[in-house]
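**Student:**
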Amino acid sequence: MNTYLARTGISLCIALLLPAVWAQNAPPVAAPNTATGAGITVDMGLTRLQLDAHGRLAALVDTASGRDMARKGSDFCRLQTEAGYLLPESATQAGDTVTFTFPGGITLVYRVTPGAGFSVWEVSDLKGLDMAKLESVRLCDLNVTGLPTLRTQLNAVASDENTVAVLATHINVHAVSVAGTNRGSNKQGVTHSFVRDRQQIKSGLQAARFTATSSLTTNDGYAMRGRALRTTQDLTGLKTIKLWVHGDGRGESLKVQLFDGKGGYRDDYIPITFTGWQEVVCEKPGLSTLDAAHVTHINFYYNSMPANQTVECCLDDVRAVLDTPQGVREVVLEDFEDPACDLWDAEGAFLRVETLKRYGILPAGFGIVACPNARLPEAMEAFQRAAGLPSPHPGGTWNKTSPWTKRSYLFITSFAEKDQDETIQWAQRGGFPMCLICDGSWNLNRGHYDINTVNFPDGLPALQRTAEKFRAAGIRVGMHFLAPSVYPQDPYVRPKPDPRLFKDARVPLAADVDAKVDFIPTDGPPPKEFPAEDGGYTGNGTFLQIDDELIQYGELRTEPPYGFGACTRGANQTVATAHAKDAAAQHLLRSYGYFLFDLDTTLADEVTGHVARTANAIKADMLYFDGSERLQGDHWYYNAKLHNLYYTKLDNKDTLLQGSSCSHFSWHVIARNASADGHGDVKGYLDERLPTLKWFENNLMPIDMGWYYVYAPEVTADQYDYILQKCLGFNASISVQTNPACLRTHPEMGPIFDLVNTYERLRLSGLVPAEVSKLLREPKREYRLLRSPLRLRRTVFGPWTDFAGDGAASMTFDIEPAAPGTRLGLQLRCGGLAAPGPAYRAADAVVLESFDDLAPYVGDPKNESAKIAVGQGGYAATSPGVTQEFTLVEGGKDGGKCASYTASGAGGWSCIGRRFDPPLDISKHQGIGLWLKGDGNGGKFKLQLRQDGNATDYYINNDFSEWRYIQLLRPEKPQPHVVDYAKIDYLLFYFNVLPAKTTVTCLIDDVKALMRLDEGTVESPELRVGERASAFPAVLKSGERLVYFPGEVPYVVPKDQGARRTLPAVADLAVEAKLSATVRLPAAPTGKASFRWVLDSPEELPLPDAALQTPLPAL
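Per our numbering, residue 33 is the first one in the sequence shown, and the count goes up by one each step.
1. Shortest alpha-carbon distance to Arg-1148 belongs to which of Gly-269, Ala-197 and Lys-974?
2. Tell me, please, which residues DSSP counts as bridged to Pro-540.
3. What three-state label does DSSP hand Cys-599 in the structure shown?
4. Counting pairs of Cβ atoms below 8 Å between the segment 665-684 and the segment 171-185, do you hit three or more?
5. Are the Cβ atoms of Met-1043 and Ala-1146 separated by less than 9 Å?
6. What did DSSP end up calling Phe-1023 once you bin it into helix, strand or coil?
7. For the candidate residues Ala-938, Leu-977, Thr-113 and Trp-436, whose alpha-carbon lies nearest to that of Gly-567?
8. Where does Thr-1030 sit, in a helix, a strand or coil, going by DSSP?
9. Where does Thr-606 sit, in a helix, a strand or coil, going by DSSP?
10. Let me know if Thr-356 comes out buried or exposed under the rule of 16 or more other beta-carbons within 10 Å of its beta-carbon.
11. Who are the near neighbours of Lys-685 in its chain, counting only those whose CB is closer than 8 Å to its CB and skipping five residues on each side?
12. So Trp-1125 is in the beta strand (DSSP E); what residue range does that whole segment cover?
13. Quick check on the DSSP output: the alpha helix (DSSP H) that includes Thr-680 runs from which residue to which?
14. Look up Thr-181 in the DSSP assignment and say whether it is helix, strand or coil.
15. Can Gly-296 and Lys-560 be called in contact, C-beta distance under 9 Å?
16. Looking only at C-alpha atoms, which of Gln-1141, Pro-516 and Ala-744 sits nearest to Phe-657?
17. Let me check understanding here. Comparing Cα to Cα, which of Ile-456, Arg-478, Trp-153 and Lys-1040 lies closest to Ala-200?
18. Taking the alpha carbon of Leu-492 as the reference point, which residue from Thr-633, Pro-523, Ile-650 and Glu-565 has its own alpha carbon closest?
19. Mind checking if Asp-991 is an interface residue toward chain B, Cβ cutoff 9 Å exclusive?
20. Could you give the residue range of the alpha helix (DSSP H) that holds Gly-961?
21. How far does the alpha helix (DSSP H) with Arg-103 in it reach, from first residue to last?
22. Taking Cβ to Cβ, would you say His-202 is nearer than 9 Å to Phe-697?
23. Just verifying my parser: in three-state terms, what is the DSSP assignment at Ile-1036?
24. My guess is that Leu-171 and Cys-109 are in contact by the Cβ rule of under 8 Å, so how many angstroms apart are they, rounded?
25. Does the distance from the CB of Pro-540 to the CB of Ala-615 come in under 9 Å?
26. Is it right to say Pro-59 is buried, meaning 16 or more other beta carbons lie within 10 angstroms of its own, or is it exposed?
27. Could you please give the first and the last residue of the uninterrupted beta strand (DSSP E) stretch that includes Gly-279?
28. Run the CB neighbour count on Thr-68, radius 10 Å, all protein chains shown included, and call it buried at 16 or more, exposed below.
29. Please look up how many angstroms separate the CB atoms of His-619 and Phe-562, rounded, as I've assumed it's under 8 Å.
30. Consult DSSP for Gly-147 and reduce its assignment to one of helix, strand or coil.
31. Beta-carbon within less than 6 Å of Val-93's beta-carbon, same chain only, minus the 5 sequence neighbours each way: which residues are those?
32. Apply the 10 Å Cβ neighbour rule to Asp-173 and answer buried if 16 or more other Cβ atoms are within range, or exposed otherwise.
33. Can you check the segment 688-747 for any alpha helix (DSSP H) of at least 4 residues that lies completely inside it and give the ranges in chain order?
34. In three-state DSSP terms, what is Thr-245?
35. Following the continuous alpha helix (DSSP H) through Trp-474, name the residue where it begins and the one where it ends.
36. Is it right to say Ala-55 is buried, meaning 16 or more other beta carbons lie within 10 angstroms of its own, or is it exposed?
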């Protein structure tokens, strides 16, 4: 047995018996010995895999062409023990069994099942060693060359002709693909290599030679090569980094970087001002934010590379020096002895699968799929069956090729059984064969997932009725839900939190605490997993669980006295109680505002079972696993585990499954992926996403363009026209999100749904010419769908631009033609009020507050507004850790005084109010008008009217910094209180959702109750090009939009659904060269006016009218 163990010389057998010897050293390598035998051949029909008698890769041959796709010589598998890495000494084959023998008589046995273009390798035996000492098993390491495209989710590489993939067959099998030629990174103009050096050696058998060349003219080039550590290292007590460096004396800066996988780094810089070998001791890092207890990566950089030069150093024996209670010790981070290390340059790509101790070494298995691209779908499907993997067939066809994945769906929110008839009509108009019901509609509480009886009065029978009625109308039914989450109001969380909720950190209490204190002392600084700020929707939250109490802290103290300050005790309706010293303060991780159930506990089975129970009862045709990307640990493992827990409980294993993210293993069950949540600048955002759609295609993942929302009236039909063009180009479905209220009111819902129907027919017809589809894949290339005949006409839309200032307004812009024959069009919309109108100035408007003085707030002993509103304080109150100030200042809207309201601190809320004595009678009011000047620092300003404990709330986002006139409409329904407006006794101002560590200030002036509502208007806009002008004789009211496409009759889109108002035709305005154009408003607008220009080009793409004659197929 020829064995190498780094820096010891003792035999492997002794090493296995003495693991403590190796605890402070990098895992060594046991090299293969000479073996006899013919090796291994696995005939997969379309390809043939060969290993030599040492268990090394010999060939991977495409049988049709004879081309070998393997890089010979790499070890097919390996073991990692506490003592080091073990490589095979021999490999033998007997029937369907392949056996690898390692030093010491250890054997790894596979049962191999070949098929057409694939083989399944299942570990049937692993013996000859103490399994407790086994850290990992690399089940397969396939080094493939000549296939340049990485298909990362499939753990595959591909060329134009072939694909080779190595796929996990169990959840605990980690698949990872590494491109040998794309390792590391460089500044543009820099190249580098990182190779084994067996000449310049300081320790062991080899060192690393790191070479980089800069073609830059400045001394700021950089190059980087790094890798994940074999296991996460606990380097608590880290003081220094030591390593041997053979310098070249050229002045570059060598950096050794440690990374903790969570955003923390330690950077140590070494000026290479010396030549030859030198042991370098790094004591003063340039950056030190590392969590030393959780080190995951090591990286090597060149920084400040000299211009137009090549630099080169050899590196060896990188160690961390720890100061521990047991004394000073060294831990080897990298000895550069592993020939399969991810640091080295390599040809082609490595397709790897392995099992890790922390997720279970066994069961273990994988599959190799190697075939021509044209045969890949059938080979993958057959591989799934042979391996016993999930293989859903929605509608009877494999999910990656099923017609179901090409059909669009309607995502309906705020939906109830009473809305069904209307929703069916709209779904049929849009050609949607599937309706996905949002989780907040069908369930009451995420966790127990009880049926929402407000929306479905009979509970589950009502939901079942709804599903059957959809299907009777030809519409399949799906269920949306937040797959890993538990709602804060769910019984799993309150009044007694379930111990199986996920916690990512804990720290013991330093002393006993009673039920009232708002500071929780801890024994040492809280770990980094405890965030300093809540973070809101995207944050990890600031909730602690101590025993059965939830506590939300407002301040994290990482200096003595350590602990959590500004605490809300008994948070989320739990019970505040005393806790003993050493009790664990545990951090409850939040994801999108929800808590997580621990996937490693029985709670995971319970929650997934609740969802599956309902899905099975209504025979759901689709499930959407939302929130699947923010989980408790490694995504590759927990995403797969999460999805599999749901899948295994479904009666219908052919359900169409979709999710917000997908892992290597869950790829088998996920039928398609969505490209984005479309909102805001949907065209621009989609353009940014288009290059990533190649990833979907490379991984055989059908594309869904969605979700795209139709809520706000600012959503326009041309946005959907553009999205649907990209759907046509990429053969992707679209998912449209809206609710029944918007179905009834949105002014362009009908045109949008008609567009969806038309494009769906075009896409499914197969009649659209390939050259048209190719053009539609280009970012920023936009058309308009026109009919009679069916065609696409090139159109360019300018950005929406707001008119500024008061009075008559005009805006001038420069434009140049997109092509010969270009004509200029216009869209203009009237938003909310820009200034108060007659209703605000009327004598019957009731002044609620003019801020002549602050006596009603601070000088009224009977003022208990805050105590009544929030149960604490008198006229004012704040959440813990927040301070507020309410003063009179100069600079009101009309030049006088106004109120200045400021709050700052740890995040939370504040309120202050005044009393009316006698109560005000504003029973006839229709709304509230006020002037408000924000500072744009975030949070929400709230105005509240109160009557004997009942309240009406108005929220205004603090996302602006100028004076704005705000008109607030009286609610049509209680919120939920019924307010008697004849007896208003309090007026309060609040800040809600205050951002942490931020000061927020708003100025408030002249608050009135309005007996009538003002309406913004924009009158008679004009579009001018030099002496030529097009006038539009229309009065636009708030929410209305003027639309003029050249050559077509102008029209006005109403605020709500209804007929469009047509206007007189206008003369075309040709754009023959670059020019300036002007939009003019002759009369001062009272509404907020904005416009965008439109360029119409004569370029047209013909589309097949015959596609519209073909009925959409049913699912």
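Built from N, CA and C at the ideal position, the CB exists for glycine as well.
**Tutor:** Checking against the coordinates, here is how it stands:
1. The structure shown has nothing for residue 1148, since the chain only spans 33 to 1147.
2. Pro-540 is bridged to Ala-616.
3. coil
4. The segment 665-684 and the segment 171-185 do not touch, with fewer than 3 CB-CB distances between them shorter than 8 Å.
5. Not a contact, by the Cβ cut-off of 9 Å.
6. strand
7. Ala-938
8. coil
9. coil
10. exposed
11. Pro-422, Pro-424 and Tyr-679
12. 1119-1134
13. For Thr-680, the uninterrupted alpha helix (DSSP H) run begins and ends at 667-681, by DSSP.
14. strand
15. Yes.
16. Looking only at Gln-1141, Pro-516 and Ala-744, the smallest Cα-Cα distance to Phe-657 is reached by Pro-516.
17. Trp-153
18. Of the listed residues, the one whose Cα sits closest to Leu-492 is Ile-650.
19. Of the protein chains in this structure there is only one, and it is not chain B.
20. Note, Gly-961: premise wrong, no alpha helix (DSSP H); beta strand (DSSP E) at 959-965.
21. Boundaries cannot be given for Arg-103, as no alpha helix (DSSP H) includes it and DSSP labels it neither H nor E.
22. yes
23. strand
24. 6 Å
25. yes
26. Because the pLDDT of Pro-59 is 39, which lies under 50, any placement of that residue in the model is unreliable, and the question is left without a value.
27. 270-280
28. Low confidence applies to Thr-68: its pLDDT is 41, below 50, so where it sits in the model is not reliable, and the reading given next is rough at best. When all chains shown are included, Thr-68 counts as exposed.
29. The C-beta distance from His-619 to Phe-562 rounds to 5 Å, short enough to meet the 8 Å contact threshold.
30. Three-state DSSP puts Gly-147 in a strand.
31. Arg-80 and Asp-100
32. buried
33. 714-721 and 725-730
34. strand
35. 471-474
36. The predicted model places Ala-55 with a pLDDT of 30, which falls under 50 and marks its position as unreliable, so this point remains unresolved.
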